[in-house]
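Engineer:
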Amino acid sequence: MLVLLSIIQLFYVLTLAPLIVGIISRLEEKIESKEGPSIFQPYRDLIKLFRKENVVPEQSSPIFRIGPYISFALYMLLTLVLPIITAFPLQFGPVVDFIGGGLVFGAAGTIKKITSLDSRNNYSHLGTSRSASMSALSEPITVLIFIMLGVISQTNNPYVINNVLQTSTSWYLSLTHWFVAAAFFMVLLIETGKLPIESHSNAELGAIDQSMEMEYSGTDLAFFRWGSYVKQFLLMSVFLNVYTIPFWIPMKMNFEFIFIYMGIQLLKLIGLSIVFAFFEESVSKFRLFKNFDYISIAFSLAFLSFLAFYVSR
Amino acid sequence: MNYLFYSLPMIASLIGAFLCFVKREKFEEMISIIFAAFSLISAILILFLSDVSNSFFFIDGISKIMLIIISMIYTLTVIFSTTFLKYIEEPLFQKRFYYLLLNLFAFSMFFSVSVNNFGLIWVGIEATTVTSALLIAVENDESSIEATWRYIIIVSSGLVISFIANILIYAATGTLDISTLLSTNPTSEKLLVFGSMMAIVGYGTKAGIFPMHTWLPDVHGKAPAPVSAIFSGVLLPVALYAIIRVIQFSPISSVKTFALVLGFLTVIIASSLMAIQIHYKRLFAYSTMENMGMALIGISLGGYALLGVMILIISHAFAKSSTFFLSGNLFSRYKTTKIDEIKGVSKRMPSTAYALLFSAMAITGMPPFGTFFGEIMIILVLLATMPTGYTILLLSFLALAFISLNFKVGKMIFSNSEGENMERKRVGTIVPIIDTVLSLLIVFFIPWIEKVIR
Amino acid sequence: MKELFMLIGFSEILLVLFMQWEVYVTKIVKTFSISSYLIAIFLFYLGFVQKSYLVLILAILAAVLRGFFIPNFILQRLARDPWREREAKSIMGTATSITVSLMIVIFTYVLYELTLYNFVKISFGALPISLIFQGAFLIISRRNTFIQLIGYMVMENAAFLLTGYLFPDLPFSVEAGSVLDLIGVVMISGIIMRMRENSVKKSDDFDELKG
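Residue numbers (the working numbering), protein chains in the order written: chain A, 2 to 314; chain B, 6 to 459; chain C, 77 to 287.
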């Protein structure tokens, strides 16, 4: 039964991830009073890329080819272990806890960096070094956040954290929790490459993620893209289901509720997409070095949650 | 009704301030002199009245002496200002505002030393910052404005610390009335210790005590001479007055040790920095710091040392205001603040030169002057209560201060110089000479001061 | 009550962190205004709960003077293009100053726990005290006079918050006197700051203010 639910969850994520991206970009265009692309445009992009042939740089090693597949596989693994449509562990739930999940995320990111280094393109190297320095500084924040969640729930299990926040009003309303949530929101913007951090253009002055996949084409690029869609979907789900709106997720095995909840989860994600769209339209991109100031604010928030915990003791 | 008498110095200076709004030629100078003199007379009269402690006033011997010094220096400063202000080329504002602020400044100091509420002392001392800040910037050039800004920001921040200290003292004792504080036992002694230490640091900012003294040389170096004189002579002792009260109501050994350490550090830092000064006003400023450090040591020791502190404060007030007045004379003639560029004062400005020589001796504690007796009392108590090493350390730094100040002043006075006599006439030299003589005559009043503060 | 105090205290800390981040003076002044209003709201609630009209008056004083009058006064004092007034060259990087400011908060908390907490037994007291240090750090880390003045007023506000929460029965005359003094300091600083902008350049450097 859990296996079945796991497979359902996997398909749910893989199929809906491009949709969320499409919704966000469409909303942004709408806010700018433009018509905008269809919300299914990311699907079309992926299908188009799957049909194209792969072009591989001459100097690159085999890592360049297998990188996208490994990272996509890692994201698929993560899909199986996070609370997305159920608040109880599925078949693979016990495999990793929150820290382990963070490590898998990190591994996927590292593989992407290695492959883009392997592409021997100067712009890719530029993006890689930027991305590496950003993630080197944002990683401690993530660790702090996990520690604080551990303080709240006494475990590192995302399912337990969800259950604690779902049932305990005092924890849900505590400053500790909201500081963690705010810090995670800021990290979320970094990880998903949203606006104050990077813009969606190939201009080398500010490009981080875009320049990393510059040498990819065809199926490889499709897997990279899809992987990053899935990553965004997962992080948004975690933000919703663990940090901010942990409600209504079925805590007991009940197919009816789970199917109803799958609809609610989509609504939640669309709600968050609206927030993202408005956020992206209302802020402008920071200068590259201002990004680190942003990270320090996120770090402060995560640390203040510590303080809030001790002060409210 | 009887209590109204105690507020006469305050009322006089306040009326003097308000009358400065009248627009008439020379009127504000006359008014200020009259009311300053009136406040001096009333302060002397208060000396013969009994101590008082009611809901507003708390006036005992120390307050009375503070009232007298303030009114004395206030009067002399006003008189000296009438002759000095014309040397300022582009004053910041009209003369009327200068006297208005000076009178308000005196009012806030009178207020600080006579109220019975520790919180209101804080209010009064903060008010001295507000009223005196613009006086520093009268010269209206870039560096004096910078000095003013440093004064405002450092002193105000320091006073926030003492505000917190007030809160803590209130938390420990449940009252801020000085008369009640002196008689009640604190509910939490440790909290009181903490509050008292913070109060010493906070008020020490205003008194030029070590950790937050940095504004002091800048301000004294850049303020016009009469303002430097009133700052050095009475503003800093008013801040010390608050510290005296703190030590009085929390006579706990750790607080006293803390004050002693700060006083020692102040003396050490100030004396060491005096040796490398190249501007004479900054040199005198550091000398003030050194004297305040000595006074803080005396306050922390208590007993006879407190008598020494009062003598030191009084005679230092006279001597230091004299040196600053004289440095104003030098500046008005030589147009420089550097020691090296001033030569042959004894030939070109004889009365200024000899008055400066004697007042420099007075501020460094040369025997016939009152400062010597003040310092010797403090040192004797230190010798009796602490190991001898401390006294030797202190004496060596006092000697360093003595040598560097007198050497530099001597260099200015006795060096050779061509040039005709350019001595200032009348008030410009008479006021500092009176000051210097007073700092000598104070010696004869020592038994009487002792009677007052007991 | 406690929850409200914690909320207000932490928002104040966050607002100071935001001030460390911001370079434009107008925004910092507006942030300060917000933080004063927060304190006023807190005092208002406190007066309401304790049914003390003195605290209510303090709340109104805080809102009118600290929240409205002083920020507007400073904004008027700014140069002709207020939006242009900013910290041109900061002493340390923004990220460093934010982190240091945060570390100050942590340090103060530890210090507070070791010392004052033993007498007061209220762990929220650390918040206003760390705000005081943060304000001091804001003064140290910036060169712009307006921002330094704001730093001083953050310290003042913190003292106000501390009294408001821990010792609301402090004599009213003291509180009112402190407010009056604050106005005085702000007025004087306003004059000085205006003068600093168009002062006569007599001396090329601050040689006289060294040593």
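Positions of the beta carbon are idealized from the N, C-alpha and C atoms, including for glycine. All figures in this text were calculated on a predicted structure; none of them were measured in a lab.
Can you tell which of Ile36/B, Phe330/B, Ile183/B, Leu107/B has the C-alpha that lies nearest to the C-alpha of Phe1/B?
Structural biologist: Lying before the first or after the last residue shown, residue 1/B is absent from chain B, which here runs from 6 to 459.
Engineer: Pick out whichever of Ser193/B, Lys195/B, Thr178/B has its Cα sitting closest to the Cα of Leu187/B.
Structural biologist: For the residues Ser193/B, Lys195/B, Thr178/B, the minimum Cα distance to Leu187/B belongs to Thr178/B.
Engineer: Measuring alpha carbon to alpha carbon, tell me which residue in Gly307/B, Asp345/B, Leu405/B, Phe412/B is nearest Ala389/B.
Structural biologist: Answer by Cα proximity: Gly307/B.
Engineer: Opposite Tyr337/C in the DSSP bridges: which residues?
Structural biologist: With chain C running from 77 to 287 in the structure shown, residue 337/C is simply not present.
Engineer: Anything in chain C within Cβ reach of Asn122/B, meaning under 8 Å, just list it in chain order.
Structural biologist: In chain order: Pro247, Ser249, Val250.
Engineer: Taking only runs of the alpha helix (DSSP H) that begin and end inside the region 340-383 of chain B, which ones reach a length of at least 4 residues, in chain order?
Structural biologist: Counting only runs of 4 or more, we get 350-353, 355-368.
Engineer: Which runs of the beta strand (DSSP E) fall wholly inside the region 69-97 of chain A and span at least 3 residues, in chain order?
Structural biologist: Fully enclosed beta strand (DSSP E) runs of 3 or longer: not present.
Engineer: How far does the alpha helix (DSSP H) with Ile169/B in it extend, from its first residue to its last?
Structural biologist: Ile169/B -> alpha helix (DSSP H) spans 147-178.
Engineer: For chain A, check one thing: does any of its Cβ atoms lie closer than 8 Å to the Cβ of Thr102/C?
Structural biologist: By this cut-off, Thr102/C is not an interface position.
Engineer: Since Ser283/A meets chain C, which of its residues come closer than 7 Å, beta carbon to beta carbon?
Structural biologist: Those within 7 Å of Ser283/A in chain C number zero; the least Cβ separation is about 16 Å.
Engineer: Could you pull out every residue in the same chain whose Cβ sits closer than 7 Å to the Cβ of Ala234/C, ignoring the five residues on either side in sequence?
Structural biologist: Counting only Cβ-Cβ distances below 7 Å, and skipping sequence neighbours, we find Pro204, Leu207, Ile208, Gly211.
Engineer: Can a CB atom of chain C be found closer than 8 Å to the CB of Asp46/A?
Structural biologist: Judged by the 8 Å Cβ criterion, Asp46/A is not in contact with chain C.
Engineer: Got a sec, what are the start and stop residues for the alpha helix (DSSP H) Asn123/A sits in?
Structural biologist: Element bounds for Asn123/A: 123-154.
Engineer: Leaving aside the five residues before and after Ala365/B along the sequence, list all residues of the same chain whose C-beta is less than 7 Å from its C-beta, in chain order.
Structural biologist: Same-chain partners within the cutoff: Thr328, Leu410, Asn411, Val414.
Engineer: Look at the alpha carbon of Lys545/B and the alpha carbon of Arg431/B, and state the distance between them as a whole number of angstroms.
Structural biologist: With chain B running from 6 to 459 in the structure shown, residue 545/B is simply not present.
Engineer: At a CB-CB cut-off below 7 Å, which residues of chain C make contact with Asp223/B?
Structural biologist: By Cβ distance, chain C contributes Leu285.
Engineer: Using a 10 Å radius around the Cβ and a threshold of 16 neighbouring Cβ atoms, would you call Lys113/A buried or exposed?
Structural biologist: By the neighbour-count rule (16 or more Cβ atoms within 10 Å), Lys113/A is buried.
Engineer: Tell whether a beta-carbon distance below 8 Å holds between Val230/C and Glu161/C.
Structural biologist: No. Outside cutoff.
Engineer: So which residues on chain B does Met271/C lean against when the C-beta distance must stay under 8 Å?
Structural biologist: Near Met271/C (Cβ distances below 8 Å), the residues of chain B are Leu97, Ala142, Asn145, Ile150.
Engineer: With distances taken from CA atoms, which of Leu362/B, Gly303/B, Ser60/B, Thr369/B is nearest His321/B?
Structural biologist: Out of Leu362/B, Gly303/B, Ser60/B, Thr369/B, Thr369/B has the C-alpha closest to the C-alpha of His321/B.
Engineer: Using a Cβ cut-off of 9 Å, which residues of the region 161-175 of chain B contact any Cβ in chain C, in chain order?
Structural biologist: So the close ones are Ser161, Ser162, Leu164, Val165, Ile166, Phe168, Ile169, Asn171, Ile172, Leu173, Tyr175.
Engineer: Terminal residues of the continuous alpha helix (DSSP H) containing Gly101/A?
Structural biologist: From DSSP, the alpha helix (DSSP H) with Gly101/A extends over 99-119.
Engineer: Under 8 Å, do Thr434/B and Glu425/B count as touching if we go by C-beta distance?
Structural biologist: No, they are not a contact pair.
Engineer: Please state the DSSP three-state secondary structure of Asp182/B.
Structural biologist: In the structure shown, Asp182/B sits in a strand (DSSP, three-state: E or B).
Engineer: Taking one C-beta from the region 337-353 of chain B and one from the region 264-277 of chain B each time, how about it: are there three or more such pairs within less than 8 Å?
Structural biologist: Cβ pair count under 8 Å is below three, so no.
Engineer: Between Leu225/C and chain A, is there a C-beta pair that is closer than 8 Å?
Structural biologist: So no, Leu225/C is outside the interface.
Engineer: So if I threshold CB-CB distances at 7 Å, which residues from the region 160-193 of chain C count as touching chain E?
Structural biologist: Of the protein chains in this structure, namely A, B and C, none is chain E.
Engineer: Verify whether the separation of the beta carbon atoms of Leu270/A and Ile21/A is less than 8 Å.
Structural biologist: Closer than 8 Å, so yes.
Engineer: Does the Cβ of Val255/C have 16 or more other Cβ atoms within 10 Å, making it buried, or fewer, making it exposed?
Structural biologist: Classification for Val255/C: buried.
Engineer: What does Phe81/C touch in chain B if you count any residue whose Cβ is under 7 Å from its own?
Structural biologist: Chain B residues near Phe81/C: none, gap ~16 Å exceeds 7 Å.
Engineer: Check for me: the alpha helix (DSSP H) holding Val243/B runs from which residue to which?
Structural biologist: First-last of the alpha helix (DSSP H) with Val243/B: 241-254.
Engineer: At a Cβ threshold of 8 Å, is Phe293/A touching chain C?
Structural biologist: With 8 Å as the cut-off, Phe293/A counts as an interface residue toward chain C.
Engineer: Would you call Asp245/C buried or exposed, if buried means 16 or more other Cβ atoms sit within 10 Å of its Cβ?
Structural biologist: Asp245/C comes out exposed.
Engineer: Taking Leu130/C as the query, report the chain A residues whose CB atoms sit under 7 Å from its CB, ordered along the chain.
Structural biologist: Within chain A, no residue comes near Leu130/C; the closest Cβ sits about 28 Å away, beyond 7 Å.
Engineer: Can you pull the chain C neighbours of Arg314/A, defined as C-beta to C-beta under 7 Å?
Structural biologist: Chain C residues near Arg314/A: Ser199.
Engineer: If you draw a straight line from the C-alpha of Ile70/B to the C-alpha of Ile38/B, how long is it?
Structural biologist: Between Ile70/B and Ile38/B, the C-alpha separation is close to 21 Å.
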